[in-house]
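These notes are about the structure you will find just below.
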Amino acid sequence: MLTPFDWIRQSRTGSELLAVLHYLETRPDLVGRDTDEIGPPHSALNHLCQRCRLYAPPDNRPGTLYCPTCSAILNRASTLKELSQNTVLLWGHVNLLPYNLSPRAEQGRVLGAYVHSQTPGQTRFLVALHRQALKPWLQDLVLYHGLEMRGVLQLFPTTGMLGASMGDLICHIVHHESRFPMDALRVRFFATVHQVLQPHRYDKQGVVNFEIGEFLGMLEMAAVFRTVLLPDEQQMLQELLGIESAAESQFYWGRFMGYLNPEARDMLDAWNVRNWSKPQLTLLYNLIEHVAFYYTA
């Protein structure tokens, strides 16, 4: 029979995963069942659910392709596509269960949560967060648990692509958790599915693994960057820093700096953005999507 984690691994898309997490919170009997009988062998008159391939569609609904659980998941998922695009997933392997996992208590931040295992000294969990709630959620986690929490928090997107379903990505993420000792709290930030599937390539670039304080500092920089520079200025800067000709880059850099307000110029000069590597710049622009504006008068 399928366990809750089996239903999670059956998810093909981020919206299906959010639907499973929703039912784990609101109807655990639906996705946490362990007493249902498997469907009959496939024949001309009987067929298994086209999604889970284990349970049978209801007898009283001829022509139905899915079992009741898969039908509920797919129906719920159809309403969550837009939300899924603004969601970041976090798989934790830590020594303590975070206090702020409840979707009800963390309304607006936590979109769903699942505790996979909990033993003394080791806890595994999955939580779906609104992308712009990532920084305050992590800040609250650090403030509450302080130096007591150790382990690794792996962040990854909800988009299934490159031939990998959402369930496949989660299996890769779970496999990665054993690479780090539980002597500090670390963050692994995977901005794309490709980074999840080939982590060693990006480990060497220094844009995946962080201490928790370092990662919060990067999120703070991204929030300041997004606040100080307008969207079109961010785009112009990205294109400017991609120019390979030194003379051409110097010419356009002077014109660009004259276009900016003094606060933006001071920020870029202080950060020495022109000398950042391409992976560092890509990381900054990826983090922009995970932070909110600072509202200034």
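Residue numbering for the sequence shown follows the working numbering, beginning at 126 and increasing consecutively.
Positions of the beta carbon are idealized from the N, C-alpha and C atoms, including for glycine.
According to the DSSP assignment, L266 belongs to the alpha helix (DSSP H) that extends over 259-270. Only residues of its own chain outside the window of five on either side were considered, and among them L409, L412, I413, H415, V416 have a CB closer than 8 Å to the CB of A347, listed in chain order.
Under the criterion of beta carbons closer than 8 Å, Q135 and G292 qualify as touching, at roughly 6 Å.
Taking a cut-off of 8 Å on C-beta distances, the stretch 377-392 touches the stretch 347-360, as three or more cross pairs fall below it. Judged by DSSP in its simplified three-state form, N386 adopts coil rather than helix or strand. Contact annotation: the stretch 144-151 touches the stretch 236-243, with at least three C-beta pairs closer than 8 Å.
Remark: three or more beta-carbon pairs, one from each stretch, lie closer than 8 Å, so the stretch 269-278 and the stretch 303-318 are flagged as touching.
Here S209 really is in contact with T283; their C-beta atoms are around 5 Å apart, less than 8 Å. Per DSSP, W396 has no beta bridge partner at all.
DSSP links H325 through a beta bridge to no other residue.
P183 is classed as exposed because its beta carbon has fewer than 16 other beta carbons within 10 Å across all chains shown. Collapsing the DSSP output to three states places H300 in a helix. A straight-line Cα-Cα distance of about 11 Å links K260 and G338. Counting C-beta pairs closer than 8 Å gives fewer than three between the stretch 399-409 and the stretch 186-199, which falls short of the contact rule.
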